[in-house]
Structures are given as C-alpha cells and as structure tokens.
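Enquirer:
Numbering (this note's numbering), first residue to last: 200 to 718.
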C-alpha cells in the first residue's frame, strides 16, 4: 500500500500526537537516575564551554598512558580558566583538588581521575570483561531489551592490531549470553583500498571466520556489518553480498547498516532488497538492514578537505532527515520486506513515531525493529520499548584497561548531541505541543511518497577523463586526489554521476589512462 499525499497530513498529525503521548508517559516513569544522567548530558551540551572542556579533558588527561604527563595536563587544563557550569559541585572540588595534587602524586591521582570519568560515562559504554558484560546483558534483557554489542575501536593501522581485534570479536561471539554483534570491515583488516578487488578478498577472508563462528554457536549469533566512512560503503556491501551468496552461508541471517546522511543510501537500500529477494528465491535466509542517519560527519568533512573532494554526506541536517524518511517510505511496504527486516535506529521520536505508524498501517510492523543507543534518553527508550513490544539497544563495550579506545565514540556522541539541530539537544526541554512540533509536522508531510521515482545523485562525482575547469592563472590550485571509492568512468564505462547500482560481485580493477593507480 502506498500512502497518498492526502494521507500524509493525517499520518503526520497522528505521529505528532503519538510523540506527545510518549513524552507525557516518559515524564511519568522517569526515575531520579534518569533525570540525573539525562540532565547532566543536557547541561553539558547546552554549556558553551561544556563540550570543548570535556573533549580537552578526555584527550589531554584521560588518553595519555604516562601518569606524569596526564597530571601536568590536568593542572594546566584547570588553571586555563573557569570550570564549565555543567559540572556538579563535587566534580568541581575533585578537579580542583586533583589539579593541585596530581603533579606531586601522579601515580595516585591520575588512576582516580580516570576512574571518575568512567563512572560519569559508564551508562553509555558497557564493561567488556566477560563476567561484567554477562551481568549487564542479563539485566537489560530482563528489562525487555535486546542488545547489539559492539567492541569499541577505530580503524586499525596494522595487521597485528587487526589480528587482535579479530580475536577479541571471536571471543565475543563465543560468549553464550551474546546473541547479536556488530563489526566494521575497517576493524578486521588494515590498509584497505576500496578500489581494489584484493581488499574485498582480504576482508571476506576475515569475516568468513566470524560468520562461521556465529553460525556454529547455539543459538546462532547474529552478525551485523557496521558502516563507518563513505569509502567503506561499496566495499562493505560487496563483502556482505559475496559472503552470503556462498553455499555455506545460505541459511545464515545477517545484517548491514546504511547511513541516510549519504544520498547514496536509497540506491544502496534498493540494491540490497533486490539482491536479498534473489537470494531468498534460491533458498537463502532473510537479512536485516539497519537504517541510521550517520555518525561520522566530522571525519567525512576532514577527509574531503584533505583530499580536495566534495563532502559526501548532506550539508544540511534537514536533508539527512528527509532522506531517512524517504528510505523508510520506500522500504516499509510488503513488496519490499519479503526477505528483509528493517531496523529503525533513531532517537528522534517524531521519526520513530512516523515509522511506527507507517509500518502498522501498511501491515509490515512485524518486519520492523526499533533501535536506540544505550544510555541515551532512557525514559523515552522504555516508552518506545513498551509501545513497540521490544527495543534493540546498540551497546558499545570496552574493557577498563582499553578505555582510551572509547574516546572517539564519546567524541562523536558529544558532537552529535551538541549540534543545534540535533533532536537529543532539545529533548531535555521538549514538552507536548512544543514549538519544535511545527517544522516537524511540515517536514513529515512533505516527504511521504517522495521515494517513488526519486533519483538521488551522489555528491562526489569525480571523473578523471573530464578536464577540470581552472581558476585564473594567478591562482594556485591543487589537483584533488583520485578517489578509489568511486566507480571509474570512461568510454563504455558508467560515469560516477548518479546513485550507483552496487553490483553484488566486485568489479575487476580498471586502469584509467594517464592516471597512476597507486594514487
């Protein structure tokens, strides 16, 4: 069933009404601990100096391994200016006392400072030690949640680190209480080149080990391929489809993530659904596609600036929100969910309510799972869990000894929440019939049905065979690097000017005349 434009207004009104109901219910069930953790996060991101101070503390004080170097940085950071207002009176006193004592007693003060930081953010990151993680999972599962466990860590730089990360993930799969694990391709193999078939083969070899381990567990552990930067998009899809097309994995149910801040998301979603339908027709299992908005915008901006490329995600948050709903509008239909389940991963209650109503009205609610981040908006998460008869919590995990690898994750969460147009930033003050409802109402009504016939264009359209216009002769202008993540263009080849078709089998490398392939 396709919703018509006149149905959109009715559905939008219903979604806004549902959010108002959720907000009232969340206020009724909110605990003192909920208010404390959510209130501290809201005060942090509202404080003009809060995010900058927190990032400086984590980067300069918590990250260094050497206690004396960290102690000097703590003393310097506290002496640089007034402490931010979001800190409690106790934390202010602890910081001031620590700054005075740390240079003289670094071996005593710095472990205490790091422990205090872990206490403050502990609700966002789980302890990865098997006994502690098992206890955490049991507690959350008893409360009615499913959990998607992700071992924190960024892209690996060498094969030794890739081997260690692979072994840790295998150990996680072996834990009997872990039934859902996320892993990134950039975490299991180093120095990947998205333009080379060898990278696909290397990642496939690594992930094949994980898929076999997951399939052999009892019950079978669900493996989800996470997504990081744009250059991982086609590589991840190629590896995912290649492995699940192999005979030994025909019966394996697995998942993949798509990021809606990329215009490419709708084309990738359509490709994956078509591929999954063909696989199911040949006796294969279903798959799950987890739809998120995207959490690596800062990295994408820096990467584009360093190489002279166009930024691949949308510039405007409203465009990302629109593309998110555009993807949902297309996929939440019986004809597209025969062999696919969809994970609606968002804290924006308006998006969640809209997806909930669309899936119910179209008769596909049983193919939809709602997802949120552990520790974010706990009262609202409980309300959605109760309404949708379940909720999946994305649960990052790290051992205390490796807590420094959680820093990048925490930075991203802070950056996202501090953005002026981020939903979680206003959630602390959002009330039924809040003024924010008006633009949401307009945005929802305008997107319904727009996925039909929609043709998005990828924002990066590099074609080395086209002569790039130059500026005036007196202006020095660097040549952008060649982007190996893009399909190659040329006579008889498909130019990279529209949503790519994401072939299920990787292409062979194709040299471009006059261009060094090693660039």
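Glycine included, each C-beta is placed from N, C-alpha and C at the ideal position. Just so we're clear, the structure is a prediction, and the values are computed from it rather than from any experiment.
Using the DSSP secondary-structure output, state which residues sit across from residue 453 in a beta bridge.
Expert: Locating residue 453 in the chain shown gives position 254, where the first residue counts as 1. Answer is 486.
Enquirer: Hey, how far is the Cα of residue 167 from the Cα of residue 428?
Expert: Lying before the first or after the last residue shown, residue 167 is absent from the chain, which here runs from 200 to 718.
Enquirer: If you draw a straight line from the alpha carbon of residue 393 to that of residue 370, how long is it in whole angstroms?
Expert: Reading the chain shown from its first residue, position 194 is the one you call residue 393. Reading the chain shown from its first residue, position 171 is the one you call residue 370. Distance between the alpha carbons of residue 393 and residue 370: 28 Å.
Enquirer: Kindly list the residues whose CB is nearer than 6 Å to the CB of residue 742, restricted to its own chain and excluding five residues on each side of it in sequence; keep chain order.
Expert: Since the first residue shown for the chain is 200 and the last is 718, residue 742 is missing from the structure and cannot be characterised.
Enquirer: If you follow the beta strand (DSSP E) that residue 568 is part of, which residue opens it and which one closes it?
Expert: Residue numbering aside, residue 568 sits at position 369 when the chain shown is read from its first letter. From DSSP, the beta strand (DSSP E) with residue 568 extends over 567-572.
Enquirer: Whole angstroms is fine: what's the gap from residue 349's alpha carbon to residue 381's?
Expert: Locating residue 349 in the chain shown gives position 150, where the first residue counts as 1. Locating residue 381 in the chain shown gives position 182, where the first residue counts as 1. Roughly 5 Å separates the two Cα atoms.
Enquirer: Please report the distance separating the alpha-carbon of residue 528 from that of residue 600.
Expert: On the chain shown, residue 528 is found 329 positions in, with the first residue counted as 1. On the chain shown, residue 600 is found 401 positions in, with the first residue counted as 1. One C-alpha to the other measures close to 44 Å.
Enquirer: Using DSSP with H/G/I as helix, E/B as strand and the rest coil, what is residue 349?
Expert: If you number the chain shown from 1, residue 349 lands on position 150. Note: residue 349 maps to strand in three-state DSSP.
Enquirer: Look up residue 384 in the DSSP assignment and say whether it is helix, strand or coil.
Expert: Your numbering for residue 384 matches position 185 in the chain shown. Residue 384 falls in the helix class under three-state DSSP.
Enquirer: What does DSSP give as the partner residue(s) for residue 594 in the beta ladder?
Expert: Taking the chain shown and counting its residues from 1, one reaches residue 594 at position 395. According to DSSP, residue 594 bridges with 348.
Enquirer: Spell out the partners DSSP gives residue 326 in its beta bridges.
Expert: Start at 1 with the first residue of the chain shown, and residue 326 comes out as number 127. BP columns for residue 326 point to 597.
Enquirer: Which residues does DSSP pair with residue 336 in a beta bridge?
Expert: Counting from 1 along the chain shown, the entry for residue 336 is found at position 137. Beta-bridge pairing links residue 336 to no other residue.
Enquirer: In whole angstroms, what is the alpha-carbon distance linking residue 218 and residue 580?
Expert: The residue labelled residue 218 in the question sits at position 19 within the chain shown. The residue labelled residue 580 in the question sits at position 381 within the chain shown. Distance between the alpha carbons of residue 218 and residue 580: 12 Å.
Enquirer: Assign residue 523 to one of three DSSP states: helix, strand, or coil.
Expert: Residue mapping note: residue 523 aligns to position 324 of the chain shown, counting from 1. If DSSP states are grouped into helix, strand and coil, residue 523 belongs with the helices.
Enquirer: Tell me the DSSP bridge mates of residue 542?
Expert: Within the chain shown, numbered from 1, the residue matching residue 542 stands at position 343. In DSSP, residue 542 forms a bridge with 489, 568.
Enquirer: Going by C-alpha distance, which of 374, 322, 659 is nearest residue 418?
Expert: Indexing the chain shown from 1 puts residue 418 at position 219. Per the Cα distances, 374.
Enquirer: Could you give the first and the last residue of the continuous beta strand (DSSP E) run that contains residue 424?
Expert: The sequence position of residue 424 within the chain shown is 225, counting from 1. Element bounds for residue 424: 421-425.
Enquirer: On the three-state DSSP scale, how would you describe residue 429?
Expert: For this step, residue 429 is matched to residue 230 along the chain shown. Correct three-state label for residue 429: helix.
Enquirer: What does DSSP give as the partner residue(s) for residue 513 in the beta ladder?
Expert: As a first step, residue 513 is located in the chain shown; it is residue number 314 there, counting from the start. According to DSSP, which records beta bridges pairwise, residue 513 is partnered with nothing at all.
Enquirer: Short check: CB of residue 449 to CB of residue 493, under 8 Å?
Expert: As a working mapping, residue 449 is identified with position 250 in the chain shown. As a working mapping, residue 493 is identified with position 294 in the chain shown. Cβ distance not < 8 Å, so residue 449 and residue 493 don't count as in contact.
Enquirer: Can you give the Cα-Cα distance for residue 561 and residue 567, rounded to whole angstroms?
Expert: Taking the first residue of the chain shown as 1, we reach residue 561 at position 362. Taking the first residue of the chain shown as 1, we reach residue 567 at position 368. Looking at the two C-alpha atoms, the distance is approximately 12 Å.
Enquirer: Using 8 Å as the cut-off, can you tell me whether the region 322-331 makes contact with the region 457-476, which would need three or more C-beta pairs spanning the two stretches below that distance?
Expert: With the cut-off at 8 Å, the region 322-331 and the region 457-476 do not touch.
Enquirer: Which whole-angstrom value describes the C-beta separation of residue 210 and residue 557, a residue pair presumed to lie in contact below a C-beta threshold of 8 Å?
Expert: Against the chain shown, residue 210 aligns to sequence position 11. Against the chain shown, residue 557 aligns to sequence position 358. Correct: roughly 7 Å between the Cβ atoms.
Enquirer: Would you check if there are 3 or more beta carbon pairs closer than 8 Å linking the region 212-226 to the region 299-312?
Expert: Contact fails: fewer than three Cβ-Cβ distances are below 8 Å.
Enquirer: Can you say whether residue 295 is buried or exposed, counting buried as having 16 or more other CB atoms within 10 angstroms of its CB?
Expert: For the purposes of this step, residue 295 is taken as residue 96 along the chain shown, with counting starting at 1. Exposed.
Enquirer: Buried or exposed for residue 292, please, with buried defined as at least 16 other CB atoms from any protein chain shown within 10 angstroms of its CB.
Expert: Locating residue 292 in the chain shown gives position 93, counting from the first residue. It is exposed - the Cβ of residue 292 has fewer than 16 other Cβ atoms within 10 Å.
Enquirer: Tell me the rounded alpha-carbon separation between residue 340 and residue 591.
Expert: By one-based count along the chain shown, residue 340 stands at place 141. By one-based count along the chain shown, residue 591 stands at place 392. Answer to the nearest angstrom: the Cα atoms are 10 Å apart.
Enquirer: For residue 684, which of 665, 435, 258 has the nearest alpha-carbon?
Expert: Translated into positions along the chain shown, residue 684 becomes position 485. Looking at the Cα atoms, 435 is the closest of the given residues.
Enquirer: Could you give the first and the last residue of the continuous alpha helix (DSSP H) run that contains residue 506?
Expert: Translated into the one-based positions of the chain shown, residue 506 becomes position 307. From DSSP, the alpha helix (DSSP H) with residue 506 extends over 496-506.
Enquirer: Could you tell me whether the Cβ atoms of residue 247 and residue 508 are closer together than 8 Å?
Expert: Here the question's residue 247 lines up with position 48 in the chain shown. Here the question's residue 508 lines up with position 309 in the chain shown. Taking 8 Å as the Cβ cut-off, residue 247 and residue 508 do not qualify as a contacting pair.
Enquirer: Confirm, please, whether the CB-CB distance from residue 487 to residue 537 is below 8 Å.
Expert: Working through the chain shown from its first residue, we reach residue 537 at position 338. Working through the chain shown from its first residue, we reach residue 487 at position 288. Not in contact: residue 537 and residue 487 (Cβ atoms no closer than 8 Å).
Enquirer: Please work out which residues of its chain come closer than 7 Å, Cβ to Cβ, to residue 378, disregarding the five sequence neighbours upstream and downstream, and give them in chain order.
Expert: Residue numbering aside, residue 378 sits at position 179 when the chain shown is read from its first letter. Once the five neighbours on either side are set aside, the close Cβ partners of residue 378 are 418, 420, 421.
Enquirer: With a cut-off of 8 Å on the beta carbons, I'd call residue 574 and residue 323 a contact; round off their distance for me.
Expert: By one-based count along the chain shown, residue 574 stands at place 375. By one-based count along the chain shown, residue 323 stands at place 124. The pair is a contact, with the Cβ atoms about 4 Å apart (cut-off 8 Å).
Enquirer: When the Cβ atoms of the region 518-527 are set against those of the region 457-464, are three or more pairs found closer than 8 Å?
Expert: Output reads yes: the region 457-464 touches the region 518-527.
Enquirer: Could you compute how far the alpha carbon of residue 603 sits from the alpha carbon of residue 480?
Expert: For this step, residue 603 is matched to residue 404 along the chain shown. For this step, residue 480 is matched to residue 281 along the chain shown. C-alpha separation (whole angstroms): 46 Å.
Enquirer: Assuming residue 351 and residue 608 form a contact by the criterion Cβ under 8 Å, report the distance between their Cβ atoms to the nearest whole angstrom.
Expert: Taking the chain shown and counting its residues from 1, the one referred to as residue 351 is at position 152. Taking the chain shown and counting its residues from 1, the one referred to as residue 608 is at position 409. Going by Cβ atoms, the distance from residue 351 to residue 608 rounds to 5 Å, so yes, they are a contact pair.
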